[in-house]
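Okay, so here's the structure we're looking at.
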Amino acid sequence: MKTLRVLAWLLLAVVLLLVGAIGYLPVYLQAHKADLETAAADALGRPVAINNIALGWLLHPRPGLSIVLNGLRVSNPDWDTNPTLGPHLLEAERVDVTWQLQALLHRQIRIDQLVIRGARVMLQKTADGRDNWQLGASKGKRAGKISLQVPTVQVIDSQITFASPKAPVRRADITRLQLDGLDAEPLVLQAELTINQTPLTLSARAGAADAPTGARWPFQIQAQSAETHVELSGSAPAPFATTGLDAKLQLRGPTAVPLGKIAGINGLPAGPFRLETELSWDDQTLEASAINGSSEADVLPAPLTISDGEISLPLHGPWSLRMTGKLGNRPATLQLASVAAPKAVDQTTRTQPTGGEATGVLAIKATLAEGRFDGELRPASSNARALLSGTLNVGTVSLVDGAPGKASKSNAKGTLVSTESNLNARTEPTTKAAKALAWADRPLPFSSLTQIDADLELAIEALTWQRINMRRIQAQAKLRDGRLQLDGVRLTLPGLTVSGQALVDAIPKVPALKLKLKTDRINLAQARSMMARSPELSGSIVGLSLDAEASGTTPATLIQVLRGTLEAKSVRLLPPAKRGQRAMAIELASPKLQVNAGQAMSFKTGLVWPSQDRSVQAINLMLTGGTLADLLPGGRSWPQIDVIVKTKIDEHQLNIRGHLGPLAAIRTGRDLMLDLSLTDNIGRTEALTGTLTGTLARLNSLAGSQFQAQFTGESLAALHPGLPAQPFSAKARLQGQTQQIELLDLKASSAGSDVAGDVRIGLGERLRIDANLNADTLNLTPFLAKNSVSTDELTGLDGGGAQRFRRGTSGEQSLPLDGLKVFDGSLKLSTGRVELGDFDIDNGTLDARIDAGHLVLSANAAQSGLSVDLELQPGQTDWGFDLHHQGKLNLSRLIKAKNQPSLSDVPIGIEVRLHAIGSSIPALLRSADGRVELVLGAGQLDRKASQLPFGGVVVNLLDAVNPTQLSAIRVRKDFLSLQCAVLQFDIADGIATSKHGLALQTEKLNVLGGGAIKLETEEIELRFKTVKRAGVGLSLLGVADRFVVVDGTLKHPHATIDREDLFIEGAAAWASGGLSLVADQIIQRLTDFGNPCETVLRRDASDQ
């Protein structure tokens, strides 16, 4: 027991002694803090300061008692008189140190653990190349007598900062760093860092515990940021030796962006990449060989592969780089080399290197398929930017748009396939709140023009994109101080060659652009090949030029302030011609598109085209829309486009004003609103006004379109100079169908006429017009107001002697029948009454059809008492004409009577059959064959009957044989007494001959005769013999048994009484045959009894 009690007291004394020592140790260390600072300063070769010293307890990496140094500061060396980051190399909030006391007996300081918290390590490189982390020689007397060993170092929540005179300050935040094996291999490093807000995990291992003597020192470093990995492995001749270093570097990952951020390189593209190379260092040159890798960066038009490459970086002298690979399937090479300075350097060069040293000038040679670049890059100096100069020939490039979202690829022919990509979408997750800027609002990279100067000769042999083929593209680019000048711009497109110049000035706060382009001529037929869907137009554009300028930082701001003019000297458009027809050219005179900042865009041009009669039609057109900025995304577009059209047709000045729109309807091709009005000769008697309002459902089809049209005029002459001066009005509802326009609810009125119905216009391969009309009254009297034809109208000349109509080879005016070949169609017209001067025709109907110029017309009136059948058959040069007209009714149904029934109740029968061939009225009349017969019954004949066919002959003949002609007092009566009259003509070769005679009977005379009529000139040569009817007194001695001569024309016949004999010697040759019949046969049948009309009719019946 006594022994145990002694041991217990001894143990208690030891514990108390240990506790006392531990308690006294901080007091001792604090008292000797200055000695510790001095010893540390002697060991490091620079001042060291400690705020205070205390004891602490470490739990990690191994539990143990530690000495705590609070506020540890290690100063920069004495030679660093101008520190960038401050006066200290190290500033630590707390340093925990554990060491082995036993090692002190062997004059060793063996620190088991060194834990640094809240430290700031500030590494600096001075302008003369010295580093503040290089430790100086120990200054104390005991330097070199005590060895220092630190097996484990741990750094927690600290920061390392590095500053260099020619580089920005770099910082790395250390979350955790542990270094083991400083006393014995292997050396192991584990760290978690954050560099430029990019997390990085780092692990390294160097050396081997059982390596044989003389073996190379192996090492392996691995780093990872997100999914991007870096691995460097190799060996050195000795620990931490660099000379004779051999290593292999591997980099891979979905994107190189994290590595770029860590290295301080912004703008690296997104996309998978891989890089492998072998590294070596011989103390003079760093070599990278066997370089291979790949990249699918989104900025590349196709995947990039590197099959071989090498980099040589000598410590002194020029360096070089060589790469070989492919972009897609297109072979590519890159050679870079720094240029050595010559011994004599011109004073005007940018740099002044010493002889034999690298100038910093970089020679560049690159190829991509047929493309080549050969030039150099001069580095920036204190008074100048870097300069890139050389020649770039791209060769032949073919670009094809790929499907969005797919990886870029290339086809077997080496055609580049570009894809639409979004960098943000690939690197960062998107949310509903994060919306990418529209293309128009994205800043343009003007700032890049201020980073470098350039002198480049640019050339592209051929560039193909979709249907556009550009050839021989040339330009000279000069970039100085942020001003990019493109001169000698020239490129060839199908059908045109473009030349010009451009200027981009990025120096002002708001960059400015100027562009001037021109082309001498554009062949539209060839240029249309660049458009997938283009109108079938040919022709040319002459002297097209573009002059524009703007300022801004985004496409939107550039467009908002754009000022420019696009104009041409002339444009000639040739739309496709229909089969068998010539194309009619449309000429645009001086077309001009004007754009001004904040103002509506306008387009002006003169439009000229020939009409069917070869006269020239011209209009002035002006379109005014909205501002160019309205067309940007988010703009209000153009609600409407104002239209002004001015043209002159004959003597009429037409003005069309209104608007159409919105512009969105033109873009989509649907629901285009139109509101147009037309005026003609404002302030004149022939004024014409009209409106057209409605919606065009589709631009490529009429189906579904609806319009309201209304026109009024003070004279029909406003529509055509040959029409009468009668006021008119018309309105209709226009409805579009597939390849058809319908005029529904058509109502038109003029001069007492009213027409209503529907018209359908087919717009197929051949134009077709079908009309179904009706009218209560159709007054044609104004159209027959002129009873005579002027010389100008017969010759086809206008009042000044100029030709108005097309003439045939004979000089005769051709009928405008060719217009019937332009369209097919039909017309059905019914009317309650037709007014023709002094005549009224009731219950009229007309049915007409036309097919390829073949016209068939049939008309009936007066309960089928009158009918007309007409047929026009086109030939190669002439037209076939067939007419059949017959009627049988009482004259009282035709002649108008005012306030009382008509007294002209003469029954009438008429039949006309004609066949003719020709292209003009004279030609038709010259070739006419057929027969004409007019039979009048007994009654009172109104003188208005002279307006009927051959009616003038009958009226004039009655006037000649009427006894009142012999009266001393001449009495003109409206009615003439008639018993009968028969006029029969057989027509051959344009000559109408009365083979069976012409007969007339009054109450007192029988008249019989004959003759001939020349249809071409309407000349008549008729001879009649009169005889007193049996039982008539002597009062007719002056008229009876006399000869009556009727000559003149059908419109103006003239009758005279010849008291001598029938003579034919003075008659025209064409009439001699008809007059001979009168003399030889017809006169012999005249008697004073019987009815001469029946005589002629019986003779005609016997010949049939």
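Number 246 in UniProt numbering belongs to position 246 of the sequence shown; there are no gaps in the numbering.
Beta carbons: idealized from backbone N, C-alpha and C, even for Gly.
Given the structure is predicted, the values throughout are model-derived calculations rather than measurements.
Burial state of residue i, where buried means 16 or more other Cβ atoms lie within 10 Å
i     : result
N51   : exposed
L65   : exposed
N82   : exposed
Q113  : buried
Q451  : exposed
V48   : buried
H316  : exposed
L259  : buried
N132  : buried
V755  : buried
H996  : buried
C1093 : buried
T391  : exposed
F1089 : exposed
I468  : exposed
Any chain C beta carbon closer than 8 Å to residue i
i    : result
L998 : In the structure shown, chain C does not exist; there is a single protein chain.
Residue i versus residue j: straight-line alpha-carbon distance, rounded
i     : j     : result
V299  : Q739  : 49 Å
G880  : P1053 : 30 Å
A209  : T277  : 28 Å
H854  : A916  : 15 Å
T1095 : I841  : 32 Å
I53   : R73   : 13 Å
A184  : P239  : 12 Å
P508  : A290  : 47 Å
G796  : P816  : Note that G796 has pLDDT 42, beneath the 50 cutoff, so the model's placement of it is unreliable and the number below is only indicative. Their Cα atoms are separated by approximately 12 Å.
L836  : N779  : 7 Å
V954  : L883  : 23 Å
A167  : R636  : 50 Å
T1002 : S977  : 7 Å
L631  : A597  : 13 Å
A425  : A226  : Legend: pLDDT at A425 = 36, less than 50; position of this residue unreliable, value from coordinates given subsequently. C-alpha separation (whole angstroms): 17 Å.
L936  : N843  : 23 Å
I921  : E911  : 21 Å
T809  : L872  : No answer about T809 holds up, because its pLDDT of 48 lies below 50 and its placement is not dependable.
Unbroken alpha helix (DSSP H) run spanning residue i, endpoints
i    : result
I666 : 663 to 668
R943 : Element bounds for R943: n/a, residue is neither H nor E.
V953 : 951 to 961
L44  : 33 to 44
Boundaries of the beta strand (DSSP E) in which residue i is found, first to last residue
i     : result
K888  : 879 to 890
L259  : Taken as a continuous stretch (DSSP letters only), L259 belongs to no beta strand (DSSP E), being part of the alpha helix (DSSP H) at 257 to 263.
E231  : 228 to 236
N393  : 386 to 393
N1006 : 1005 to 1014
D770  : 767 to 779
R480  : 468 to 480
T285  : 285 to 295
E370  : Careful: E370 lies outside any beta strand (DSSP E) and carries neither H nor E.
Residue closest to residue i, alpha-carbon to alpha-carbon, out of the options
i            : options                : result
I644         : P301, F603, G669       : F603
T1026        : G930, L1015, G1009     : G1009
residue 1180 : V561, V571, V542       : The question about residue 1180 has no answer here: the residues shown for the chain are numbered 1 through 1104.
L503         : N523, P575, R480       : R480
A288         : P269, L313, P272       : L313
P212         : A226, S233, L202, P237 : P237
E587         : Q599, G606, V595, W57  : G606
L564         : V571, E549, A577       : According to the sequence displayed, residue 564 carries Gly and not Leu. That would be E549, whose Cα lies nearest to the Cα of G564.
Any beta strand (DSSP E) of 3 or more consecutive residues that is wholly inside the stretch 489 to 567: If we require 3 residues or more, the beta strand (DSSP E) runs fully inside the stretch 489 to 567 come out as 496 to 505, 512 to 523, 538 to 551, 563 to 567.
Would you list, in sequence order, the uninterrupted beta strand (DSSP E) runs of no fewer than 3 residues that lie entirely inside the stretch 673 to 720? As far as the stretch 673 to 720 is concerned, its whole beta strand (DSSP E) runs of at least 3 residues are 688 to 698, 706 to 713.
Report the start-end ranges of each beta strand (DSSP E) in the stretch 903 to 931 that is 3 residues or longer and not cut off at the edges. Secondary structure remark: continuous beta strand (DSSP E) runs of at least 3 residues inside the stretch 903 to 931, in chain order: 907 to 918.
Could I get the ranges of all uninterrupted beta strand (DSSP E) runs contained in the stretch 176 to 207, with 3 residues as the minimum, in chain order? Counting whole runs of 3 or more residues, the stretch 176 to 207 contains the beta strand (DSSP E) stretches 187 to 195, 198 to 206.
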